[in-house]
Amino acid sequence: MKTSLRFLAGAAFSVSLTATLIPVTAFYAPEAEAFTVYCTNCSTTMQQALQYAKDVETALNTAQQLQTQMRQYDDMIKQGIALPESLYQSITGDLRRVADVYTNTKTLGRDISDLDKRFREQFKDYDAYLKSAGEFDGGNISERQRKWSEQGFENATSAMRAAGMNVGAFEQEDRALNRVVQQSQNATGRLQAIQAGNEIAAQNVQQLQKLRDLTATQITLQSNYLAATTEKETAKAAADEQYFDRKPVRSEKVGF
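Residue 16 is where the sequence shown starts when you use my numbering, and the numbers rise one by one after that.
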């Protein structure tokens, strides 16, 4: 099976994987604006990583559409435009979608982090490779994912507080987000809900952009590791074959 994915990203990434793990070739170009992935019979881990990258891109497209919609609502309010009652049903629906995107983004982040852990468990010398390649800090995806996750909820709660909503320090994320949706259904809380929803929608886009970069980095490092490992194994196999293919040299000397 051959998978081809193309995503807009801050860095460019191209990798070709053939057979279960070998041979593998990888190319990384940091100046380009997109990365393309071609995968033929990849390992299960790499196939999952590519699917997660595609899921992140889909979620980002949805988040950007919602950001545009919520910004329009917020701008109308700031301009003093009276919103018709019929429009608030659409606003509530869009706020619910904003909350869903936030929740799905967190789930994707956890899945991608877990996948990185499984890759490290499968390939025990991966960390040693990153360190030798000078990429050890960049390869610590789990730690970067943890910080990314914490930042996401901090941004969401900050948006709610900025809109005048009372958010507890230890309130669960889903409850806080649901309260924004519920508040949009009440005449007294609609303006606050729209303002908070607008900010959260913008944060969703930023978080997904960061997650896309993290995923691209993870795929790049892991595919480069597989490429380096394959190159080493291929060179060793060629040397072994050359050694065993040597014909014995017969000496012309006659012993006494």
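All C-beta atoms, glycine included, are put in the ideal place defined by N, C-alpha and C.
For K93, the enclosing alpha helix (DSSP H) has its first and last residue at 59-93.
The beta carbon of Y117 sits closer than 7 angstroms to those of A171, L192, I215, N219, all from its chain and outside the five residues before and after it, given in chain order.
C-alpha of T232 to C-alpha of I96: approximately 45 angstroms in a straight line. Rounded to the nearest angstrom, the gap between the Cα atoms of Y67 and D126 is 8 angstroms.
Remark: C-beta atoms of L110 and S199 approach each other more closely than 8 angstroms. Counting along the chain, the unbroken alpha helix (DSSP H) around A114 starts and ends at 100-137. Annotation for N193: the continuous alpha helix (DSSP H) segment containing it runs 188-198. T244 and L226 have their alpha carbons spaced roughly 27 angstroms apart. Residues A216, A217, V220 of the same chain have their beta carbon placed closer than 6 angstroms to that of Q82, with the five preceding and five following residues left out of the count. DSSP places A143 in the uninterrupted alpha helix (DSSP H) bounded by 141-147. For K162, the closest of R205, T203, L229 by C-alpha to C-alpha distance is L229.
Contact between I209 and D89 holds: CB atoms are separated by about 6 angstroms, below the 8 angstroms threshold. Spanning the alpha carbons of Q207 and T77 requires a straight line of approximately 23 angstroms. One thing to note: M85 has its Cβ within 8 angstroms of the Cβ of G212. Apart from sequence neighbours up to five positions away, the residues of its chain that approach R135 with a beta-carbon distance below 7 angstroms are Y141, D142, ordered along the chain. Pairing R190 with A64, the inter-Cα distance amounts to about 30 angstroms. Here DSSP, grouped into helix, strand and coil, assigns N219 to helix. Between the C-alpha atoms of Q222 and K121 there is a straight-line separation of about 9 angstroms.
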